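Undergrad:
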Amino acid sequence: MTSTNDALGFETLTIHAGQEPEPITGSVTVPIYATSTYAQHEVGQPRQGYVYSRPKNPTRSALETCLAAIEGGAFGYAFASGMAATDTLLRAVCRPGDHAVLPSDVYGGTYRLFAKVLANWGVEFDAADISNVDAVRAAIRPQTRLIWCESPTNPLLNIADIASLATVASDAGALLIVDNTFASPYLQQPLLLGADVVLHSTTKYLGGHSDVIGGGLVVNDAELAQSLAFHQNSMGAVASPFDAWLVLRGINTLGPRMDRHCANARQVAELLDGHPAVADVYYPGHSEHPGHALAAKQMRDFGGMVSFTLRGGRQAALDVCRHTTIFTLAESLGGVESLIEHPAVMTHGSTAGSPFAPPDDLVRLSVGIETAADLLADLGQALDRLS
Ligand SMILES: Cc1ncc(COP(=O)(O)O)c(C=O)c1O
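Each residue of the sequence shown is one higher than the one before, counting from 15 in the working numbering.
Put into structure tokens, the structure is as follows:
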């Protein structure tokens, strides 16, 4: 779907892009078009391009228009999950013999797709420290088709220089794909920094309420957009009308939610910093974080994710996860509620034994939008037990 309303502010786009009142009743919310098919005027004459809901559904079209608008891109596509978006994109752009450069701490599911699925189709990959432009350049081969970028990365919250990586990619004739799930378009718009593709797990900050699984892609290039639309329809991993509606409703409040996620995360990172049981804190908002200056330049704020290691090692990490109550022990991130997890066993378990495996004394927090004092008290008591 094509984006509109380029001149409007971000929060206005989250509420209005693709979401004009419905023309028959004036409904101010986008209806959930629970239909698989559409009556046609004549043979081969559909109404406004709607023939069947795998290629196109009005609720999904609204979300796709909104996704494109808030990422500052031209074309948006909504999928059944972030991994469905990833898979559809990679099958659209990769051919046997192609090579990809991945962040050495890439999301475990992305690693699994490359290592266990695409490897069987002849797509090769190497890991590189995505925060080091020279390391990424050194990993490029003549067959490199894409650089995969997360910034901040999951789970170590490294910051990648998106504009410089865009130059490295275009010099190599490759695509720069940015998984913008951790930042959200409120904090960072990779297409405006030169990326070719933005990917989302809309399950996270865009949906924002831990009630839906979804994915999204946004691009500017019309030829790539056509290929994505073709593959989206051919592979069929589309967002359902209800799921599209949930994500759209989540996007409506993205800006205010992100402000609160960021403010709470700042306080949580401060608490961790001063706690004797904590070894290292990974949070790009800290001035001593190696990516701090870059994050301050390419992001509006530092995000709601904080990771840390424990002086007591793996057992201490497992104990902290066991003893919080407001921070719920669960995978995922980006919802209104705070979550805690142990990446080596949970979200990144599929990377065990590979160079992509996270440290086993690492804990990852998705800081929610509850009352900050309650979050600090909850985490504080779990850490105090270790001292
Ligand atoms: C950074 C990142 N990208 C992609 C995904 C995959 O998204 P989904 O779970 O919606 O398939 C996740 C899921 O945790 C993620 O954290």
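Built from N, CA and C at the ideal position, the CB exists for glycine as well.
Please read all numbers here as calculations on a predicted model, not as lab measurements.
#1: Mind checking whether the beta-carbon of residue 102 lies closer than 7 Å to any heavy atom of ligand 1?
#2: If distances are taken between C-alpha atoms only, which option among 340, 24, 132 and 74 comes closest to residue 402?
#3: State the start and end residues of the unbroken alpha helix (DSSP H) segment that holds residue 176.
#4: For residue 26, I'd like the list of residues in its chain whose CB is within less than 7 Å of its CB, leaving aside the five on either flank, ordered along the chain.
#5: Closer than 7 Å to a non-hydrogen atom of ligand 1 - does that hold for the CB of residue 227?
#6: Are there three or more Cβ pairs, one per stretch, closer than 8 Å when the segment 121-140 is compared with the segment 261-276?
#7: Output needed for residue 224: all residues of its chain with C-beta closer than 6 Å, excluding positions within five of it in sequence on either side, in chain order.
#8: Examine the Cβ distances between the segment 49-62 and the segment 90-97 and report whether three or more of them are shorter than 8 Å.
#9: From this set, 382, 77 and 91, which residue's C-alpha is nearest residue 43's C-alpha?
#10: Can you find the residues in the same chain that come closer than 6 Å, C-beta to C-beta, to residue 126, ignoring five residues on each side of it along the sequence?
#11: Leaving out five residues before and five after residue 396 in sequence, what residues of the same chain have Cβ atoms less than 6 Å from its Cβ?
#12: Going along the chain, which residues of its own chain have a beta-carbon closer than 7 Å to the beta-carbon of residue 305, five neighbours each way excluded?
#13: What are the complete alpha helix (DSSP H) segments, minimum 4 residues, inside the segment 56-93?
#14: Does DSSP put residue 18 in a helix, a strand or coil?
#15: In the DSSP output, which residue or residues are listed as bridge partners for residue 142?
#16: Per the DSSP calculation, residue 163 is bridged to which residue(s)?
#17: Within its chain, find whatever has a CB closer than 6 Å to the CB of residue 64; leave out the 5 residues flanking it on each side and keep chain order.
TA: From the atom records:
#1: The sequence position of residue 102 within the sequence shown is 88, counting from 1. No, the beta carbon of residue 102 sits no closer than 7 Å to any heavy atom of ligand 1.
#2: No statement about residue 402 is possible, as the shown extent of the chain runs from 15 to 401 and does not include it.
#3: Here the question's residue 176 lines up with position 162 in the sequence shown. That run of the alpha helix (DSSP H) goes 176-185.
#4: Walking along the sequence shown from the start, residue 26 turns up at place 12. So no residue of the chain qualifies.
#5: Position 213 of the sequence shown, counted from the first residue, corresponds to residue 227. At least one heavy atom of ligand 1 is nearer than 7 Å to the Cβ of residue 227, so yes.
#6: no
#7: Position 210 of the sequence shown, counted from the start, is the residue given in the question as residue 224. 349.
#8: no
#9: Locating residue 43 in the sequence shown gives position 29, counting from the first residue. Proximity to residue 43 across 382, 77 and 91 peaks at 77, based on C-alpha coordinates.
#10: Along the sequence shown, read from residue 1 onward, the residue named residue 126 stands at position 112. Closer than 6 Å at the Cβ level, and outside the excluded window around residue 126, lie 364.
#11: Along the sequence shown, read from residue 1 onward, the residue named residue 396 stands at position 382. Taken in chain order, the residues that qualify are 334, 337 and 338.
#12: Along the sequence shown, one-based indexing puts residue 305 at 291. Here the set comprises 145, 172, 173 and 298.
#13: 72-84
#14: The residue you call residue 18 lines up with position 4 of the sequence shown. Low local confidence applies: a pLDDT of 49 at residue 18 is under 50, so the model's placement there is unreliable, with the coordinate-based value given in what follows. It is coil, neither helix nor strand.
#15: Start at 1 with the first residue of the sequence shown, and residue 142 comes out as number 128. The partner list for residue 142 (beta bridge, DSSP) reads 117.
#16: As a working mapping, residue 163 is identified with position 149 in the sequence shown. DSSP, once it has assigned bridges, lists 192 as partnering residue 163.
#17: The residue you call residue 64 lines up with position 50 of the sequence shown. Cβ neighbours of residue 64 beyond the five flanking positions: 52 and 70.
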